[in-house]
Amino acid sequence: MNVLERLATDTADPELDALRQYDYESLFEVLETHRSSLDATRLGRLEWQFLPALGYSPSVPVLFEELAKDPKFFVEVISTVYRRHDGEEDAENMQEPANRETMAMNGYRLLEAWDVPPGFDGNAMDAKALATWLEEATPLLHERDRYRSGLHQFGQVLASSPADPDGTWPGTAVREVIEAAETDAIASGLFLAIVNGRGVTTRALGEGGEQERKLVEKYSDLAQKLQDGSPKTARILRKVAKSYQSDARREDLEAESFLSGMDD
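Start counting the sequence shown at 7; every next residue gets the next number (this note's numbering).
(1) Per DSSP, which one or two residues make a beta bridge with PHE126?
(2) Measuring alpha carbon to alpha carbon, tell me which residue in GLU216, HIS158 and LYS220 is nearest ASP190.
(3) How close, in whole Å, do the beta carbons of ALA143 and VAL81 come, if the pair is a contact with beta carbons under 8 angstroms?
(4) Please classify GLY214 as buried or exposed, where buried requires at least 16 neighbouring CB atoms within 10 angstroms.
(5) So, for ALA59: in the same chain, excluding its five sequence neighbours on each side, which residues have a beta-carbon less than 6 angstroms away from its beta-carbon?
(6) Evaluate the contact criterion for the stretch 41-50 versus the stretch 102-118: three or more CB pairs, one atom per stretch, below 8 angstroms.
(7) What do you reckon, is the C-beta of LEU164 under 7 angstroms from a heavy atom of the ligand SAM?
(8) Write down every uninterrupted run of the beta strand (DSSP E) in the stretch 66-122 whose length is 3 residues or greater and which is fully enclosed by it, in chain order.
(9) Is DSSP giving ASP258 helix, strand or coil here?
(10) Is it true that the CB of SER166 sits closer than 8 angstroms to the CB of PRO123?
(11) Where GLY125 and THR208 are concerned, what is the direct C-alpha to C-alpha distance, given to the nearest angstrom?
(12) Tell me whether the beta-carbon of VAL163 lies closer than 8 angstroms to the beta-carbon of ASP127.
(13) Could you check whether GLU216 and ASP253 sit closer than 8 angstroms to each other, using their CB atoms as the reference points?
(14) Enumerated in chain order, which unbroken segments of the beta strand (DSSP E) with a length of 3 residues or greater are wholly contained in the stretch 146-170?
(15) So what does DSSP say about GLN230, is it helix, strand or coil?
(16) So TRP54 is in the alpha helix (DSSP H); what residue range does that whole segment cover?
(17) So TYR62 is in the alpha helix (DSSP H); what residue range does that whole segment cover?
(18) For ARG41, which of VAL68, SER32, TRP54 and TYR28 has the nearest alpha-carbon?
(19) Taking C-alpha atoms, which residue in PHE197, ALA169, GLY61 and ARG152 lies nearest to ALA247?
(20) For ARG209, which of helix, strand or coil comes out of DSSP?
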């Protein structure tokens, strides 16, 4: 940790130029294996300082867990990334533009990689802890005029929540939050995270949208299962299915175009 702290403060150190993303990732993996014997505050500070060096999908467990445990920290990070809804500047924001840009980029990388939902204990979701976290975060988001932005981001991390023991997803704790929500920001965030979380796909030439049709069936079945008890959640899942249906049609058209070109 001492070496990293020195590098963080001495940007002219020639060792910085010799290190690559893989090197930083390896260093932090070693620190993570010894986390129980390290100062969590110092380690979290290092994770934040070296976020740019860890790429766009950084593994920063201390910061992830801090977001999940501390609504105040979450709101602070949200406030570095998103502007106020009224377009005004925060009165207390006295940082230089370059510093604000660095903070915003760090915050963006952190939030986009965050995959530890509030209330997750490592195995299952604690419904009370999740609800309490949201109750504490909500007035803070209103105070910073980032209510919708914050809840949208909160909705995204819920996509990383585990299923119930019987396999139902989203699990009960998450569904309760969605059904009780007074805004669609959480739902829109969850939808976005689901469809974006699929990543890049590979397929055979001329395969068409078969992969997407399987996802349409999956999310349609989930929506049907949850319709009576969790209608808002079911609506999100139907929207996901509809999105994949559109993707399937597009892939079919591309496959048809490819195959017709082969026949020419």
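We put the CB at the ideal spot given by N, CA and C, even for glycine.
Taking the structure as given:
(1) MET131
(2) HIS158
(3) 6 angstroms
(4) buried
(5) TYR30
(6) no
(7) In terms of ligand content, the structure shown is empty, and the ligand SAM therefore cannot be addressed.
(8) none
(9) helix
(10) yes
(11) 35 angstroms
(12) no
(13) no
(14) none
(15) helix
(16) 46-55
(17) Where TYR62 is concerned, there is no enclosing alpha helix (DSSP H), given that its DSSP letter is neither H nor E.
(18) VAL68
(19) PHE197
(20) coil
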